[in-house]
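Note that the sequence shown covers residues 2 to 285 in our numbering. Each residue gets a CB set at the ideal place from its N, CA and C atoms; glycine is no exception. Quick caveat: nothing in here was measured; it's all calculated off a predicted structure. A quick write-up on the structure given underneath.
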Amino acid sequence: MTITIAAMVSATAPATAEPTVSVFVPAQIPVLSWSENLAFDDSGALWVSKTGEQRVVRYDASGRITGGFSIAAPAGLIRGQDGSMYVNAAWAPSGPASLGHVFRFDPHSEQPVPQFVADATWGANGLTADNDGNLYATDAFGVGIVKIRPDGSRDEQWIAAVADLFSPNGITAVGDWLYLTVTLDMSSPIYRIRRDRPHVREVVARLETKPLPRLLDDLTVAPDGTIYVASTTSPLMGELLRVDPETGTVTTLFSGPNVTSPRLAPDGSLYASTGYGHLLHITL
2 MTITIAAMVS ATAPATAEPT VSVFVPAQIP VLSWSENLAF DDSGALWVSK TGEQRVVRYD
62 ASGRITGGFS IAAPAGLIRG QDGSMYVNAA WAPSGPASLG HVFRFDPHSE QPVPQFVADA
122 TWGANGLTAD NDGNLYATDA FGVGIVKIRP DGSRDEQWIA AVADLFSPNG ITAVGDWLYL
182 TVTLDMSSPI YRIRRDRPHV REVVARLETK PLPRLLDDLT VAPDGTIYVA STTSPLMGEL
242 LRVDPETGTV TTLFSGPNVT SPRLAPDGSL YASTGYGHLL HITL
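This is the structure:
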């Protein structure tokens with residue numbers, strides 16, 4: 002069941018206040034330093050999935066690298082309710098050598114070792130954790146969402162209920178809901194799904210543009226309900242958008258190298274990863 006709660010967006014609203022965008026960490030090698038996702042641990046350190054470099058890296062507040070580890074094709078990255086960090090990846094030294102798994106690591110270890118948690122999807126991309134300790138992994142070029150219980154088992158009944166979703170990408174848990182972007186959809190939708198009733202879906206907004214659609218990537222939701230979402234508009238170019246979920250109004254905060262994931266910092270500002278390799282800091 003799908004319910005529309007915001008009108009289709011036909012125009013992009015001008016920003017009411019200009020955000021300040023700066024390069025927090027420049028790309029070491031443009032494009033080859035592709036950064037796919039990012040998340041803060043409980044100490045405020047920033048972790049980044051450096052997909053192009055096949056590693057996950059920790060940065061301090063000055064942008065200095067303070068740790069990390071190698072892992073194949075890291076993507077979605079999230080802090081769990083237990084304080085551990087979780088990452089989607091193809092494989093790690095401590096896990097199976099195939100595609101699409103979730104790994105756990107200790108963000109406070111001097112030498113973090115990723116530990117296998119569960120199988121996800123072949124192209125595991127987005128990742129989030131809810132308040133009950135469940136994990137949810139998406140596949141931007143496949144179907145459905147994989148729900149992983151705190152004990153590492155897969156909730157196959159829940160998974161079957163969302164098996165009709167094609168190309169889900171960004172995902173974030175907010176209370177009883179999962180907010181979700183879909184990439185390969187001409188209407189560029191943002192959905193929200195009831196965690197306890199995954200067949201109940203609402204369309205928060207459709208961000209379509211013409212003649213070409215926005216290819217939506219990851220998203221994050223602020224405490225006031227505002228949605229920040231990344232989109233790709235052309236090869237290596239994109240936007241960071243702010244969406245009012247009540248009206249569907251869209252504000253462009255940044256246009257430039259394609260943003261892959263936005264994340265709110267403890268101080269309320271935004272950090273964003275890009276396919277170019279830059280890490281951005283956005284003061285709202």
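Please report the distance separating the alpha-carbon of residue 76 from that of residue 90.
6 Å
I'd like to confirm the pairing. Which residues does DSSP put opposite residue 92 in its beta bridges?
73
Just grab the DSSP bridge partners of residue 194 for me.
179 and 202
Under 8 Å, do residue 56 and residue 70 count as touching if we go by C-beta distance?
yes
Residue range of the alpha helix (DSSP H) that includes residue 161:
157-162
Collapsed DSSP secondary structure at residue 8 in the structure displayed
Note that residue 8 scores 31 on pLDDT, short of 50, meaning its location in the model is unreliable; the coordinates nonetheless yield the value given after this. Three-state DSSP puts residue 8 in coil, outside helix and strand.
Report yes if the CB atom of residue 149 is closer than 8 Å to the CB atom of residue 135, and no otherwise.
When the beta-carbon positions are compared, residue 149 and residue 135 come within less than 8 Å of each other.
By alpha-carbon positions, which one of 113, 279, 228 and 269 ends up nearest to residue 190?
228
By a C-beta neighbour count over all protein chains shown, 10 Å radius and 16 as the cutoff for buried, is residue 185 buried or exposed?
exposed
Looking at the structure shown, is residue 127 part of a helix, part of a strand, or coil, going by DSSP?
strand
May I ask you to report which of helix, strand or coil DSSP gives residue 257?
Strand at residue 257.
Using the Cβ count rule (16 or more neighbours within 10 Å means buried), how would you classify residue 165?
exposed
Tell me the DSSP secondary structure of residue 52 in three-state form.
Note: residue 52 maps to helix in three-state DSSP.
Since residue 120 sits in a beta bridge, which residues does DSSP pair it with?
Beta-bridge pairing links residue 120 to 102.
From this set, 146, 103 and 223, which residue's C-alpha is nearest residue 199's C-alpha?
146
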